[in-house]
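Novice:
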Amino acid sequence: MNWFNNLVAQILPFVPKPFVKIFSQQYIAGENLDDAVAKVKELMSQNICATLDLLGEEVKIKEDALHAVEMYKQILKTIHEQKLDSNISVKPTQMGLKIDKEFCYNNIKSLVEEAKKYNNFVRIDIEDSSCVDDTHEICMRVAKEYDNVGTAIQAYMRRLIGDLNKLIPMKINLRICKGAYYWEPRSVVYKDGSIINDSYDYAMEKLLSNGCYVAVATHDEKLVFKALSIVDKYSLEPDQYEFQMLYGVDRELRKIIVESGHRLRVYVPFGKEWFAYSIRRLKENPKMVSYIIKNTFLKITGRA
Ligand SMILES: Cc1cc2nc3c(=O)[nH]c(=O)nc-3n(C[C@H](O)[C@H](O)[C@H](O)COP(=O)(O)OP(=O)(O)OC[C@H]3O[C@@H](n4cnc5c(N)ncnc54)[C@H](O)[C@@H]3O)c2cc1C
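Numbered by our numbering, the letters in the sequence shown go through residues 1169 to 1472 in order.
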């Protein structure tokens, strides 16, 4: 079904926005911080912790990036005041990476500094391949001064092994995910799902056997099983790793992981800039995508 996924991925951005919004709501906690706080509290009642993401990416002017920094500082303050079990996830291009790398570094550093005051943690999300070098460099620079920062790696990247060898000596706290930027060319990313899973397995084992803290971010049960087998093989303690899942995806698996005694963190995005994030999520849900396209077609042809 890969060709079908690719086809729908190309069509989705042209589906009317209001229509996409209806279906993307399951993946977004709401437009405001209050909405997100309510969702985090609900997760906490299920023994699940969170990472809050203020939606927004590819920021083109400095004022917008600085506004996002201020918003994140407000989020950190709220997490502290309301005693939420949550950290934050930030996107480098929202912090101004595409405007100026040094500006982005300073923005991320100021958030890490602020988070440190509250004994909190900042995860730097990983975006498309044009951002990977700068993101890892910024994370390693900040990590020289602060221990409350980490980033992510993508198993679909052909360059992954080299990145691991760079990040492991600094014991960077890493989230592993498959990779969400579906338009990357074959020269840059593996396209075959079984190779991506092998690469994911390799990265997990290499990181966990080298004493790095790992966030296993997936809804793929094969990878969950592999993570559990590595935890057993190296007799790891529950505070050496965590599982992560996206808000709105596979609540049953979420419950199974938590009830087996493992730490689980849910990525909770909120805000008004929901479109780009939602397209990536909908694309990963082929059933929903074909449903949306069918209904859009019926609507356009007046048959709905
Ligand atoms: C906490 C977290 C943080 C992430 N951070 C990043 C990041 O920084 N950078 C980045 O590039 N990517 C990130 N991702 C996205 C990731 O790269 C994948 O695109 C996404 O998680 C799907 O991969 P999967 O491991 O779930 O496997 P898949 O093989 O895609 O899915 C496994 C199963 O879960 C189901 N599933 C997966 N996604 C959905 C969905 N949206 N709706 C319904 N069912 C679904 C599938 O249908 C399948 O049954 C993150 C993912 C998570 C969980």
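Ideal Cβ positions, reconstructed from N, Cα and C, are used throughout, including at glycine.
The structure displayed is predicted, hence computed values, not measured ones.
May I have the straight-line CA-CA distance separating Gly1361 from Val1436, to the nearest angstrom?
Specialist: Each residue's Cα considered, the two are about 26 angstroms apart.
Novice: I need the DSSP call for Met1169, collapsed to helix, strand or coil.
Specialist: Confidence at Met1169 is low in this model, with a pLDDT of 49, below 50, so its placement is unreliable and no value can be given for it.
Novice: Anyone know if the C-beta pair for Glu1305 and Glu1225 falls short of 8 angstroms?
Specialist: Cβ atoms of Glu1305 and Glu1225: not closer than 8 angstroms.
Novice: Assuming Tyr1195 and Tyr1415 form a contact by the criterion Cβ under 8 angstroms, report the distance between their Cβ atoms to the nearest whole angstrom.
Specialist: Going by Cβ atoms, the distance from Tyr1195 to Tyr1415 rounds to 6 angstroms, so yes, they are a contact pair.
Novice: Would you call Met1169 buried or exposed, if buried means 16 or more other Cβ atoms sit within 10 Å of its Cβ?
Specialist: With a pLDDT of only 49 at Met1169, under 50, the local geometry of the prediction cannot be trusted, and no value is derived from it.
Novice: Fully enclosed by the segment 1383 to 1463, which beta strand (DSSP E) runs are 3 residues long or longer?
Specialist: Counting only runs of 3 or more, we get 1409 to 1414, 1432 to 1438.
Novice: Our contact map puts Glu1199 next to Gly1439 with C-beta atoms below 8 angstroms; I'd like the distance itself, whole angstroms only.
Specialist: Confirmed, Cβ separation roughly 6 angstroms.
Novice: Please report the straight-line C-alpha distance between Ile1425 and Met1413, rounded to a whole angstrom.
Specialist: Distance between the alpha carbons of Ile1425 and Met1413: 10 angstroms.
Novice: Which of helix, strand or coil does DSSP assign to Asp1203?
Specialist: Of the three classes helix, strand and coil, the one that applies to Asp1203 here is helix, per DSSP.
Novice: Shorter than 7 angstroms, the distance from the beta carbon of Ala1236 to the closest heavy atom of ligand 1, or not?
Specialist: Outside the cutoff, so no.
Novice: Who does Asn1341 pair with in a DSSP beta bridge?
Specialist: Answer is Gly1318.
Novice: Is it buried or exposed, Gln1262, if we count other Cβ atoms within 10 angstroms and call 16 or more buried?
Specialist: Under this definition Gln1262 is a buried residue.
Novice: Quick check: is any heavy atom of ligand 1 less than 7 angstroms from the C-beta of Thr1386?
Specialist: Thr1386 Cβ: within cutoff of ligand 1.
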